[in-house]
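Below is one structure; the comments refer to it alone.
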Amino acid sequence: MEDKLANALESHPCYNESAHSKFARMHLPVAPKCNIQCNYCNRRYDCSNESRPGVTSELLTPSEAKEKVRAVKEKIPELSVVAVAGPGDPLANDETMETISLINEEFPELTLCISTNGLMLPEYAEMLYGKGVRFITVTMNSYDPEISSKIYEFVLWKGKKLQGKEASKRLLKNQLDGIEKCIGLGMLVKVNIVLIPGINDDHIPDLVKKVKELGAYIVNILPLIPVEGTKFSDLRAPTPEERRKLTNLCSNDVKMMRHCRQCRADAIGLLGNDRSNEFIRIGKCGSGCGPLNVMRDGVVTDNIRIAIASDDGIRVNGGFGNTPAFRMFTVNGKIMKEDGIITIESKGGGVYGDAHTENIRNRIISLKDADMIIVKEIGPRPMHELKAAGKFVHVTSENTDIAIQDVLKAAKRHKE
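Under the working numbering, the residues of the sequence shown are numbered 47 to 462, in order.
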């Protein structure tokens, strides 16, 4: 191990247990998009009452992230590690590379770390190394496609949505290739494994042996957190004793992490003392950046309802006049959740005349409960009528997570 890497290891609170009470880490939430859907994951933003991966109180641009690092470094001098760990997958977001470039340029003394599902790791390993990243965490829950197909709903790969064993095989190959490539470059790899009782618990010892063969430095067995709104919401979490026994068993093969806190995507401070709430909006918008309120039934509320023209819940891909259904989301200033789907009953059609008028009217009525509407495209007439009905309309073909962030920002600017 090169001297610089060995020195960085001494102050990395996740890779070195003796460092976690003395050195602080900071997660930069610049990566909202994800290229897989795990059955236990529900990515959220603006959520201060949950502490788990995938949760953040805000999303940052790369430049905002740099400003925030500067502010945190002044107040927390023991800061040693800056990481990108979500709330989506860092390697599915171009902002990740821009962010680590900015941080490495201004703060070369800080250790850079990336946490990923590994799908894009073979493609980005050399680039990460070239930008100063020496620590990689890969979440890998199985190397058996049969088991993996129960854990992952889908994988987005080169423009295709893969499911079942096809998705599992692609993800597994890329994870193994990516880990091997990173280790070959001289990076330290930590493998996170989510312990899911009844699904992968008996398989984990073999998985640990496999990643040890590849050269993983440390393994972290995490307990499943059943989260509302996910397919695994009804599964039970493993007991501390179950996790401890499995960790002890696997410690015969590889170094095990025992002090993990399953950090948020915006965690700041020592592992046992998260201070992220102290730094919300620093470097982002200065004063006067409060929640966005809307008027509904004569009452001001921050419970905002958003309708998105999306057939898969991942991207905005439907036009206002032809999408068969809208996905409804609610943002209440603290959490974002998907509430269901509004199916549009076909009435009329065409692009002009009475049929067109009937189609527009029917869609506006169907979306009467939405405060904001996000579509890929919309004509001037429905745009005018929606605005007359008090709806804020946003046109984009972005990922739904980003689209929601964008429409809230645009509405705030319009309000101001």
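Every residue gets a Cβ at the ideal spot worked out from N, C-alpha and C, and that includes glycine. Since the structure is predicted, the reported quantities are computational estimates derived from the model, not experimental observations.
Expected contact under 8 Å - CB spacing of residue i and residue j to nearest Å
i      : j      : result
Val76  : Leu125 : Not really, about 17 Å apart at Cβ, beyond 8 Å.
Ala131 : Ala262 : About 18 Å; that fails the 8 Å criterion.
Ile420 : Ile360 : The Cβ separation is near 13 Å, so there is no contact.
Pro133 : Thr102 : 5 Å
Phe366 : Arg409 : 7 Å
Leu454 : Val377 : 7 Å
Gln308 : Ile271 : 7 Å
8 Å Cβ shell around residue i - same chain, five flanking residues per side excluded
i      : result
Asp247 : Leu241, Pro284, Glu288 and Leu292
Thr157 : Ala54, Ser57, His58, Ser126, Val127, Val128, Arg180 and Phe181
Asn139 : Val76, Ala77, Pro78 and Lys79
Gly275 : Asn88, Lys383 and Glu384
Pro5   : Only positions 47 to 462 of the chain appear in the structure, and residue 5 is not among them; the question remains open.
Where residue i falls: helix, strand or coil (DSSP)
i      : result
Asp223 : helix
Glu263 : Reading off the sequence shown, one finds Tyr at residue 263, where the question assumed Glu. Here Tyr263 sits in coil by DSSP.
Tyr175 : helix
His402 : helix
Asn238 : strand
Gln83  : strand
Cys159 : strand
Ala111 : helix
His430 : helix
Lys414 : coil
Ala353 : strand
Pro269 : strand
Lys207 : strand
Leu214 : One point to set straight first is that residue 214 is Ser, not Leu, in the sequence displayed. Helix, per DSSP.
Asp55  : A quick correction: the sequence has Leu, not Asp, at residue 55. Three-state result, Leu55: helix.
Leu148 : helix
Val362 : coil
Tyr189 : coil
Leu231 : helix
Met143 : helix
Leu167 : helix
Arg321 : coil
Asn64  : Checking the sequence, you will find Ser at residue 64 rather than Asn. If DSSP states are grouped into helix, strand and coil, Ser64 belongs with the helices.
Close-in-space but distant-in-sequence residues of the same chain around residue i (CB under 6 Å, 5 per side omitted)
i      : result
Lys277 : Asn85
Gln209 : Phe200
Gln451 : Leu105
Met303 : Ile264 and Asn266
His66  : Pro59, His305 and Leu317
Asp49  : none
Met186 : Gln221 and Val237
Residues of its chain near residue i, where Cβ-Cβ distance is below 7 Å and the 5 sequence neighbours each way are ignored
i      : result
Pro168 : Asn220, Asp223, Gly224 and Lys227
Pro370 : Thr389 and Ile390
Ile448 : Pro78 and Lys79
Ile229 : Val235, Leu260 and Gly261
Pro108 : Val76, Glu141, Glu144, Thr145 and Leu148
Ser279 : Pro272 and Val273
Proximity to residue i [Cα-Cα], best of the options
i      : options                           : result
Gly164 : Val273, Pro286 and Ile82          : Ile82
Leu19  : Lys258, Pro286 and Glu172         : An answer regarding residue 19 cannot be provided, because it is not within the stretch 47 to 462 covered by the chain.
Ile245 : Asp299, Ser188 and Asn238         : Ser188
Glu141 : Trp203, Ala70, Ile271 and Cys80   : Cys80
Leu51  : Ala111, His73, Cys87 and Glu155   : Glu155
Lys112 : Pro136, Thr145 and Asp320         : Thr145
Val300 : Gly436, Lys256, Asp417 and Arg71  : Lys256
Lys383 : Asn319, Val254, Ile352 and Lys119 : Ile352
Phe325 : Glu120, His249 and Tyr61          : Glu120
Met374 : Gly364, Asp358 and Ala416         : Ala416
Lys207 : Glu110, Ile160, Asp358 and Pro191 : Asp358
Lys204 : Phe438, Lys433 and Ala213         : Ala213
Glu151 : Val184, Thr162 and Val115         : Val115
Ile197 : Thr162, Ala313, Leu281 and Leu74  : Leu281
Whole-angstrom distance between residue j and residue i, CA atom to CA atom
i      : j      : result
Lys177 : Ser147 : 6 Å
Pro424 : Val441 : Residue identity check: residue 424 is Ile in the sequence provided, not Pro. Taking the straight line from one Cα to the other gives about 8 Å.
Phe7   : Ala117 : Since the first residue shown for the chain is 47 and the last is 462, residue 7 is missing from the structure and cannot be characterised.
Leu295 : Leu234 : 22 Å
Arg427 : Met166 : 42 Å
Ser443 : Glu259 : 42 Å
Asn368 : Phe153 : 50 Å
Val254 : Leu413 : 50 Å
Arg216 : Gly436 : 46 Å
Ile122 : Gly315 : 7 Å
Met429 : Ala401 : 17 Å
Asn319 : Gly386 : 36 Å
Ile350 : Met418 : 8 Å
Asn62  : Tyr175 : 21 Å
Arg71  : Ser322 : 11 Å
Leu194 : Met143 : It should be pointed out that residue 194 corresponds to Ser in this sequence rather than to Leu. So the two alpha carbons sit approximately 29 Å from each other.
Leu432 : Asn445 : 23 Å
Leu218 : Lys211 : 10 Å
Cys159 : Tyr170 : 14 Å
Val439 : Glu404 : 20 Å
Distance cut-off 8 Å: residue i Cβ against heavy atoms of the ligand NAP
i      : result
Val130 : Ligands in the displayed structure: none, and consequently the ligand NAP is not present.
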